[in-house]
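Trainee:
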Amino acid sequence: MFPQCKFSREFLHPRYWLTWFGLGVLWLWVQLPYPVLCFLGTRIGAMARPFLKRRESIARKNLELCFPQHSAEEREKMIAENFRSLGMALVETGMAWFWPDSRVRKWFDVEGLDNLKRAQMQNRGVMVVGVHFMSLELGGRVMGLCQPMMAYLSST
Numbered sequence: 001m002f003p004q005c006k007f008s009r010e011f012l013h014p015r016y017w018l019t020w021f022g023l024g025v026l027w028l029w030v031q032l033p034y035p036v037l038c039f040l041g042t043r044i045g046a047m048a049r050p051f052l053k054r055r056e057s058i059a060r061k062n063l064e065l066c067f068p069q070h071s072a073e074e075r076e077k078m079i080a081e082n083f084r085s086l087g088m089a090l091v092e093t094g095m096a097w098f099w100p101d102s103r104v105r106k107w108f109d110v111e112g113l114d115n116l117k118r119a120q121m122q123n124r125g126v127m128v129v130g131v132h133f134m135s136l137e138l139g140g141r142v143m144g145l146c147q148p149m150m151a152y153l154s155s156t
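All residue numbers for the sequence shown refer to the UniProt record's numbering, where the first residue is 1 and numbers rise by one.
Right under this line is the structure:
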């Protein structure tokens, strides 16, 4: 279905060294115990907020439009929680990429899989539709462990 990806020596060029370094740090980071990852992920997200002013202003405007009934203080709490989730999304991306299947299975449960299996036994096609939260990579990995499938993201 997809062509086999092959490593290219071009990726060893110095312009990619920062990327390789970042991937190495992420790999090392996700070797930590999951509860530690949760703690660190939320803290990294909170610490990233001052550096992501544009993302913060977009979140603020979206919340003003969607939740005009909430006070500015309540919306600020939502923004703070969103940034904590953003930090966890980085951690969860590393988990999706680097954790072995056994470790992923240990920490995650999928509910409603019986509905999918029942439809398949009846030879009915199934399209599983989900929403794009920050953990799309990990959600696709977990579902792929339950059933051969592909996670796809479309901006349209």
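Yeah, the Cβ is synthetic: ideal placement off N, Cα and C, and Gly gets one too.
Anyone know if the C-beta pair for residue 239 and Glu56 falls short of 8 Å?
Mentor: Only positions 1 to 156 of the chain appear in the structure, and residue 239 is not among them; the question remains open.
Trainee: Is there a C-beta anywhere in chain C that falls below 8 Å from the one on Phe39?
Mentor: Any reference to chain C falls outside this structure, which holds one protein chain only.
Trainee: Our contact map puts Met88 next to Val30 with C-beta atoms below 8 Å; I'd like the distance itself, whole angstroms only.
Mentor: That belief does not hold up - the Cβ atoms of Met88 and Val30 are roughly 12 Å apart, past 8 Å.
Trainee: Any chance the CB of Val25 is under 7 Å from a heavy atom of the ligand NAP?
Mentor: In terms of ligand content, the structure shown is empty, and the ligand NAP therefore cannot be addressed.
Trainee: Rounded to the nearest angstrom, what separates Asn62 and Pro68 at their Cα positions?
Mentor: Pro68 has its alpha-carbon roughly 10 Å from the corresponding atom of Asn62.
Trainee: If distances are taken between C-alpha atoms only, which option among Cys66, Trp17 and Phe83 comes closest to Ala48?
Mentor: Phe83
Trainee: DSSP three-state label for Trp99, please.
Mentor: Trp99 carries a coil assignment under DSSP once its states are collapsed to helix, strand and coil.
Trainee: Pick helix, strand or coil for Ser57, following the three-state DSSP scheme.
Mentor: helix
Trainee: By the three-class DSSP mapping on this structure, what secondary structure does Pro50 have?
Mentor: helix
Trainee: For Gly141, count the other beta carbons within 10 Å of its own beta carbon; 16 or more makes it buried, fewer makes it exposed. Which is it?
Mentor: Position check: residue 141 holds Arg in this sequence, whereas Gly was assumed. Buried: at least 16 other Cβ atoms inside 10 Å.
Trainee: Nearest to Arg105 by CA position, among Pro50, Leu23, Trp27 and Leu145, is which residue?
Mentor: Leu145
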